[in-house]
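The working numbering puts the first residue of the sequence shown at 378, with every later residue one more than the last. Beta carbons are placed, not taken as given, at the ideal position from N, Cα and C, and that holds for glycine. Note that the coordinates shown come from a computational prediction; the quantities given were computed from them, not determined experimentally. Below you'll find the structure, written out as structure tokens, and then a few comments.
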Amino acid sequence: MKKDNCIFCKIANGEIPSKTLYEDEEFRVILDLGPATRGHALILPKEHYADLYELPEETACDVMKVAKKMAVKMRDRLGCEGLNLVQNNGDLAGQTVFHFHMHMIPRYAADGQKIGWKPGEPEEEELEEIRKALAD
Ligand code: AMP
Ligand code: ZN
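See below:
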């Protein structure tokens, strides 16, 4: 399904032009217009899924196959020395376009970007409580 008024539906399906790097039946990979680094790309499914929760498992697997292909191209053709995959889900996590997308951010020495977090210092009890909540 496509969603009316979803800009990434329109881009993924070619209704709005984009700097396309790769396309197949399921996905379009485009350059991000507000790139973190040179070559920052987005993997967009052509079907509308708001986020990872809505994404079918098979499509999730296929996203990683596309990411792998593009990662090799970025390394070999752009000469990046590292790569971040970033995928935001929900307002609170920084998602601004509510059509699933995977960021591919090539990294270069002195690119001036920092993608990370402040490490916490949990007690063992807290880790165990979380483990119990999540482990089957
Ligand atoms: P997120 O914050 O994870 O939802 O990421 C949205 C990304 O989409 C941002 O990095 C934007 O720069 C990018 N973006 C928004 N509109 C467009 C567009 N029309 N074409 C390409 N990239 C876009
Ligand atoms: Zn959409």
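Count the other C-beta atoms from every protein chain shown that fall within 10 angstroms of the C-beta of residue 483, then say buried if there are 16 or more, exposed otherwise.
-> Working through the sequence shown from its first residue, we reach residue 483 at position 106. By the 10 Å Cβ count, residue 483 comes out buried.
For the alpha helix (DSSP H) containing residue 385, list its first residue and its last residue.
-> The residue labelled residue 385 in the question sits at position 8 within the sequence shown. First-last of the alpha helix (DSSP H) with residue 385: 384-389.
Per DSSP, which one or two residues make a beta bridge with residue 400?
-> Within the sequence shown, residue 400 is the residue found at index 23, counting from 1. Answer is 405, bridged to residue 400.
Determine the direct distance from the alpha carbon of residue 461 to that of residue 473, and round the result to whole angstroms.
-> Reading the sequence shown from its first residue, position 96 is the one you call residue 473. Reading the sequence shown from its first residue, position 84 is the one you call residue 461. Each residue's alpha carbon lies about 18 Å from the other.
Same chain, Cβ closer than 6 Å to residue 471, neighbours up to 5 away in sequence not counted | Mapped onto the sequence shown, residue 471 falls at position 94. Contacts found: 465.
Where residue 474 falls: helix, strand or coil (DSSP) = Numbered from 1 along the sequence shown, position 97 holds the residue referred to as residue 474. Of the three classes helix, strand and coil, the one that applies to residue 474 here is coil, per DSSP.
Buried or exposed: which applies to residue 410, given that a residue is buried once 16 or more other Cβ atoms fall within 10 Å of its Cβ?
-> Here residue 410 corresponds to residue number 33 of the sequence shown, with the count starting at 1. That one is exposed.
Beta-carbon separation (whole angstroms), residue 404 vs residue 443, contact threshold 8 Å = Numbered from 1 along the sequence shown, position 27 holds the residue referred to as residue 404. Numbered from 1 along the sequence shown, position 66 holds the residue referred to as residue 443. The Cβ separation is near 5 Å, so the contact holds.
From residue 497 to residue 394, what does the alpha carbon distance come to, in whole angstroms?
-> Within the sequence shown, residue 497 is the residue found at index 120, counting from 1. Within the sequence shown, residue 394 is the residue found at index 17, counting from 1. Cα-Cα distance, rounded: 43 Å.
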